[in-house]
Each structure stands twice: as C-alpha cells, then as structure tokens.
Amino acid sequence: MTINLKDINKRWLYVAAILVLFPALYINLGLMTFIDDEAIRALVALEMKLSGNFIVPSMHGAFYYSKPPLFNWILILFYNATGVINEWTTRIPTTVALMGYAYTVYYYFRKHFDTYTAFVNAFVLITCGRILFWDSMLGLIDITYSWVTFTAFMVVFHEFKQERFLRLFVFSYLLTAMAFMLKGFPSLLFQGSTLLTWFIYNEKFKKLFSWQHLLGVAVFALIVGGYYLVYFNSNQTERVFEGLAQQSTTRTFIDQGWGKTIEHLFTFPFEMIYHFLPWSLLILHFIRKDVGSQIFKNNFISFNLLIFLVNILVYWASPQVYPRYVLMHGPLLFGVFIYLHQNNKGSWQYRTVEILFFAFIGVFLAISFLPFFMKNLQAQPNYLIKTFLVMIPLLITAVLFYKKPDSRMLLLAIFLLIVRVGFNWFVLPERNAGGRGAIVRSTSVEVGKLYKDKPLYIYKNTRMQPANSFYLTVTKGEIIPFCNDTLPEGAHFILDPSRNEDLDYEKKGQIFMRHLGQRYFDVGVFSSNQGQ
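If you want this note's numbering, it's the 1-based position in the sequence shown plus 773.
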C-alpha cells in the first residue's frame, strides 16, 4: 500500500505539532546554568521561602524593589509542588505559560477564522526564533507577563464588540492588576493606550468616563493597593515605587540620551525582524498599495494592527530594549501577517515568502547532517540515534512542505519544533560544557556545601552576581546576608579581592564569576581584626 502525502489530513498535522512540542520544550530544559535575570527571579523566590516572608521581596536579606512578587509566588508554587528548587522547576512555569499563551491565541483567533488559521497563529508564536531558541528555555517573567497582557487586549476587543462595557472594564483591569503584580508600571501604559485608542477609533470616547470604567479602576486599586497596604506594614518606604519607576525608565531616552534613541529608531525594526525569523519575513506583504484597505476590511485585524502600533511605540523609542519585552505584541502582528499571506496567494510577496521558507528548510536540513562530520557533536551519547531521530522527521516534513502548499505554514512550524529537539540534544550540551556558566555553578555549589552549617556573609562593597548568589543560597539552605558592620568573630565571608586589596584575610576558597573575565571572588576569614 502506498501513502499519498497529499492526502495526509490536517488533523494529523495538528496532532504531530502538539506531540513534537513537548520534547522540543522539555528535553534538557534544566541543563544550562541560570542567566542573571533567571537567577534574580529564583533567588527572590527562594529567599521568600526561606524567610517565610511572602510579601516583601529580598536579595541577600536586603529589600528588592525592582519587581512586584507575583512571579516569585508562581515559582514558589512550583517549588513546593515538586519539592525541588533548581533550573528545571524554575523554567517549567515559562513552558506552561507559553502553552497557555498559545492556546489563548488559538481561542480568540478561532472566533474569527477557521481552525487551521487559528492553530497556525498559536504555533507561529511558539516557533518564532526569539521564543523557540531563547525565551522558552528561560525562567523569566516575560512570557507569563505577555500572556496576561495579550489576554487583556483580547478582552477589550471582544467585550467592546458585544457592548458589554462592565465586563470589559472589570476583566481588563483585573488582568492589568495581575500584569502590574508581575512587572509594574508598563501594564498601566498598555491598558491606558489600548482603551484610549480603541474607544476613540470607534467614537466611544465618552464611555471612558462611565461608572463602569470607574468600577474597573476600583478593581485594579483593590488588588494592587491591597498588596501594598500589607507591604507597607512590613516596610514603610517610598523606595518601592522609585524602584518600579526606575525599572520602567532606565531603558528609555530619559536614561539613555537622545543619541542612542535616534540610532535606535532606525535599527529597531531590523533587530525585531532578525529576532522573530522566519515569520517576520511575512512583513513583505506590507509592500503593497492596498495593504491598508485589506487590513481595515476586517475589524479584528484592524484592532490587532492598531493596538500593535500604539503599544510598540514606547519600545521603538527606548534604546535599551530586549526582544522579550515585546512578546505580548507578537500575536497581534503575526495575526495581520497570516491574514495578508492567506489573502494574497499568487502575489510576488507570497511567492517570495514561500521561496524564503524553502531556503530556511534547506539550510536546517543541511545542518542536520553535521553530526556525521563534527567530532564534538559525536561526543554526545547515542549521537547516531539522535541524529536520525531528528534528520528523518525533518526530511519527511520537508517533503510534506513541498507536497502540501495549503499547509506550509503549519509544516514549517512543525519543522522548527523538530529543529529545536536537535538543538536540545546537540547544541545545549556543547554550550554547557564550553561555557563559563558551568564553573560558576560548580564553584558556587562547592562553597555552599562547605559552609552549609557555618555562618557566611557577603562583605561590605562586594557586588555579587545573581547566578552565584542563587547557587550559594540554594545549596547552603540559608539566606547569605550582606554585612556592612563588624563581622561576628570567626565568620567567613565572600569578597571581591580587587576592591579589597589592603585587607588581611586568610583565603579559604573562591567562586568564579561569569562577567568579569577570569576574575573570581574569594571566600575567607580575617586573620586579624583588620577590616572587620
């Protein structure tokens, strides 16, 4: 019996995409050492758990003002549920949020388009380069935050369409409160700009002065204000809002200056196209005279584009922006892209995008043969089995991509997920073995074990790096505080030797630092009263 590849039903492709998603997200998820931002989130959650204080965040026992605590609470839930505190359990919330985010995209787009289009939108989000090969592997706030923020966008559109304004304001401000408790002030900007844009566009500006809107604001105030009321009982300081404000302005022209801002205005679009490949290539559909009329024929697509343009401006004008900060905007623009791609089959833009997608597939197919020729990849356990488990599905998917033009976007998404499986098996172990992160982790864990039942402090002006701090604390099982006063007699401490060259102390060990070249911090004890 022969199998006609053209006859493979789209339902089987949906099943294949979902099945390959799990190994793509979870193989070697906990392998790599934390980057700094991950370590901060994990350390703050760990110190909450160790101290029993779940209201006031801290790092090394000192108040931490940069983020509200909701994401830390989420991490603690996973730590408690698994009984383990490590890279794996810190990153699982990201993968869960990503799948929830993708389902939300599917759910709302399915209200306006067929199953295939909605499913493709969801998997385009998952398989854009920035998420698939970076953010989905990290225990950061941004995917969770983007999920909540995108849901708020969708609530505004769909409740507005039904003229259910009470539900619109209550639910969108509830989501805004959740977003604020994740990341602070940017959430208010998103809510305000979205409401203002859509209500003005639809000539309903006066509705923003209604009692329904006031009730929505009250919901936000009750949640966020309630938290800070409890917070100020433990730490009465205005610095908490200064810290949140600093996080929101430090990357803008206010802090970076006009020179960098003007340069960023030109480079930002190209940086985003690079980070969100291959799907960002669909931007070619904007190069047509009737693009505006096509978009504004569809009210939902119009909303997506307008809200994207209004909310992306603050990042476009901010010189120090990471791509993960704009992940909530991805489905808005991808939705417009996919809509245009499906409506313009046969155009030169459509043909060019298809050719570029073929080129992507060709490049990654060629890369899949590398383990046959590179000895460092052959050092991986069972490398032949892994190579064939990646290469054969890639070949099958590539053939299907050629044979089934009506399913090419979904097949490309499946292809990219298979590439991620290969990335997990071959690239991540290689990076882990050759990177400085492994020695940062191992030396910190070694010192943590050595001082598990002994007092240990951070000495005065020592600028700890977050990854070291997390591995020291989780291994020791206690908060390691800063000591700016006299150290207890016989106490051991961690210090930066380059900033304390005149101190007389006995070196007992060292931890290696990720960002200081080959530098390290010493672990020592004073040999005299000097420096205490």
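For every residue, glycine included, the Cβ atom is placed at its ideal position computed from N, Cα and C.
None of these values were measured; they are calculated from a predicted model.
Hey, quick one: how far does the alpha helix (DSSP H) through residue i stretch, first residue to last?
{"i": "His931", "result": "915 to 934"}
{"i": "Glu1219", "result": "1210 to 1223"}
{"i": "Tyr837", "result": "Looking at the DSSP string, Tyr837 is not in any alpha helix (DSSP H), and its letter there is neither H nor E."}
{"i": "His1114", "result": "1103 to 1116"}
{"i": "Phe844", "result": "843 to 855"}
{"i": "Phe1142", "result": "Element bounds for Phe1142: n/a, residue is neither H nor E."}
{"i": "Trp907", "result": "Per DSSP, Trp907 belongs to no alpha helix (DSSP H) and is neither H nor E."}
{"i": "Phe1073", "result": "1072 to 1089"}
{"i": "Gly1195", "result": "1181 to 1195"}
{"i": "Leu1054", "result": "Premise fails: Leu1054 is in no alpha helix (DSSP H) and is neither H nor E."}
Could you tell me if residue i is buried or exposed, where buried requires 16 or more neighbouring beta carbons within 10 angstroms of its beta carbon?
{"i": "His1307", "result": "Because the chain here runs from 774 to 1305, residue 1307 falls outside it and cannot be looked at."}
{"i": "Asn1257", "result": "exposed"}
{"i": "Thr967", "result": "buried"}
{"i": "Met1147", "result": "exposed"}
{"i": "Asn782", "result": "exposed"}
{"i": "Phe942", "result": "buried"}
{"i": "Leu969", "result": "exposed"}
{"i": "Tyr1175", "result": "exposed"}
{"i": "Pro959", "result": "buried"}
{"i": "Arg903", "result": "buried"}
{"i": "Pro1144", "result": "buried"}
{"i": "Arg1236", "result": "exposed"}
Return the CA-CA distance between residue i and residue j, expressed in angstroms with no decimal places.
{"i": "Pro1261", "j": "Arg1272", "result": "21 Å"}
{"i": "Phe765", "j": "Arg1193", "result": "Look at the range of the chain in this structure, 774 to 1305, and you will see that residue 765 is not part of it."}
{"i": "Asn1241", "j": "Asn859", "result": "13 Å"}
{"i": "Val793", "j": "Trp785", "result": "12 Å"}
{"i": "Pro1228", "j": "His1265", "result": "7 Å"}
{"i": "Thr845", "j": "Asn853", "result": "For clarity, residue 845 is Asn in the given sequence; the question names Thr instead. In a straight line, the C-alpha of Asn845 is about 12 Å away from that of Asn853."}
{"i": "Gln1115", "j": "Gln1122", "result": "11 Å"}
{"i": "Val929", "j": "Ser945", "result": "7 Å"}
{"i": "Leu1150", "j": "Val1172", "result": "26 Å"}
{"i": "Lys1088", "j": "Val1099", "result": "Reading off the sequence shown, one finds Tyr at residue 1088, where the question assumed Lys. Rounded to whole angstroms, Tyr1088 to Val1099 spans 8 Å at the Cα level."}
{"i": "Asp1295", "j": "Leu816", "result": "21 Å"}
{"i": "Ala950", "j": "Arg1124", "result": "44 Å"}
{"i": "Thr922", "j": "Gly856", "result": "30 Å"}
{"i": "Ile1080", "j": "Ile1035", "result": "23 Å"}
{"i": "Thr1160", "j": "Ala1152", "result": "12 Å"}
{"i": "Val1200", "j": "Asp810", "result": "22 Å"}
{"i": "Ile1314", "j": "Ser909", "result": "Residue 1314 is absent from the model: the chain starts at 774 and stops at 1305."}
{"i": "Gly1195", "j": "Tyr876", "result": "25 Å"}
{"i": "His1288", "j": "Phe1039", "result": "29 Å"}
Below 8 Å on the Cβ atoms is my contact criterion, and I expect residue i with residue j to pass it. Report the Cβ-Cβ distance as a whole number of Å.
{"i": "Gly1263", "j": "Val1298", "result": "7 Å"}
{"i": "Pro1051", "j": "Phe1130", "result": "6 Å"}
{"i": "Ile1068", "j": "Ile1074", "result": "5 Å"}
{"i": "Thr862", "j": "Phe851", "result": "5 Å"}
{"i": "Ile914", "j": "Arg814", "result": "7 Å"}
{"i": "Pro1239", "j": "Ala812", "result": "4 Å"}
Would residue i and residue j be called neighbours here (beta carbons separated by less than 8 Å)?
{"i": "Val893", "j": "Leu1106", "result": "no"}
{"i": "Ser839", "j": "Ile1252", "result": "no"}
{"i": "Ala891", "j": "Tyr879", "result": "yes"}
{"i": "Asn1084", "j": "Phe963", "result": "yes"}
{"i": "Ala790", "j": "Leu1190", "result": "yes"}
{"i": "Tyr1004", "j": "Val829", "result": "yes"}
{"i": "Ala759", "j": "Val897", "result": "Since the first and last residues shown for the chain are 774 and 1305, residue 759 lies out of range."}
{"i": "Pro1092", "j": "Lys1033", "result": "yes"}
Locate the beta strand (DSSP E) running through residue i, then write down its first and last residues.
{"i": "Glu1279", "result": "1278 to 1285"}
{"i": "Phe1299", "result": "1293 to 1299"}
{"i": "Ile1267", "result": "1265 to 1268"}
{"i": "Tyr1230", "result": "1229 to 1232"}
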